[in-house]
Amino acid sequence: MNFWKRFTGHFKTITHHRHLVRNGCFRLGLYKQGLCHDLSKYSPTEFWVGVKYYQGFRSPNFAEKEANGGISLAWLHHKGRNKHHIEYWIDYENDLSSDVKMKGMKMPLRYVAEMFCDRLAASKTYKGADYKESDPWDYYEKVHSHYIIHPETQALLEKLLKMVRDEGEDAAFAYLKELLQKKEEY
């Protein structure tokens with residue numbers, strides 16, 4: 141694939157993805173998050189790597205990892221700047237008297253909501269016309285075994301993805317919107 145096809149393909153893919161997340165965030169009343177979602181993907185550190193490794197059917201970060209012995213500098217940059225990724229919320233345990241371990245911190249609800257929108261949008265972006273409401277859950281099931289994630293964050297994410305799969309997207313958005321409006325802990 142030539143440079144211009146990769147350039148325009150990557151630009152269209154990330155822009156389409158952002159628009160889907162924006163629409164989801166707007167449904168939940170998260171306007172600023174919807175507007176600011178994944179802006180780092182347009183930074184030189186992430187954008188040019190995305191163009192170089194663009195394939196159209198999966199994130200270029202996977203191809204970058206394959207080419208660079210398992211590391212994606214674009215992904216490391218991205219996850220460190222975007223609070224809707226579980227990897228942003230990994231830190232050392234507070235108890236340093238035992239073996240020092242990494243653990244997932246509980247994510248604020250608004251970032252769990254953005255993460256949920258992000259996962260739906262990613263499935264829709266890469267599946268296209270073949271998208272099914274079970275796709276976000278199916279992807280999660282394939283990859284979650286290696287996650288370092290707070291148990292309550294994991295439980296809420298799983299509940300939302302299962303709701304999409306079993307009851308439909310509207311039911312999951314209604315449930316999540318109600319949680320956000322109550323401004324309570326999940």
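Counting the sequence shown from 1 gives a position; this note's numbering is that position plus 140. Even glycine gets a Cβ: it sits at the ideal position worked out from N, Cα and C. Remember, it's a predicted structure, so these values are computed and weren't measured experimentally.
Buried or exposed: residue i, going by 16 or more other Cβ atoms within 10 Å of its Cβ?
i, result
"residue 293", "buried"
"residue 207", "exposed"
"residue 232", "exposed"
"residue 247", "buried"
Please go through the same chain and pick out, in chain order, the residues whose beta-carbon is closer than 7 Å to the beta-carbon of residue i, but skip the five residues on each side of it.
i, result
"residue 308", "273"
"residue 311", "303"
"residue 173", "165, 250 and 254"
What are the boundary residues of the beta strand (DSSP E) that includes residue i?
i, result
"residue 226", "No beta strand (DSSP E) contains residue 226, which DSSP labels as neither H nor E."
"residue 231", "230-232"
Confirm, please, whether the CB-CB distance from residue j to residue i is below 9 Å.
i, j, result
"residue 170", "residue 253", "yes"
"residue 271", "residue 264", "yes"
Would you kindly report the start and end of the unbroken alpha helix (DSSP H) that includes residue i?
i, result
"residue 247", "No alpha helix (DSSP H) contains residue 247, which DSSP labels as neither H nor E."
"residue 154", "143-167"
"residue 195", "No alpha helix (DSSP H) holds residue 195; DSSP gives it neither H nor E."
"residue 174", "171-176"
Could you tell me whether any Cβ in chain C is nearer than 9 Å to the Cβ of residue i?
i, result
"residue 189", "Structure shown: chain C not included; a single protein chain is present."
Query raised in the report: Between the stretch 147-167 and the stretch 177-192, do three or more beta carbon pairs fall short of 8 Å?
Result: Cβ pair count under 8 Å is three or more, so yes.
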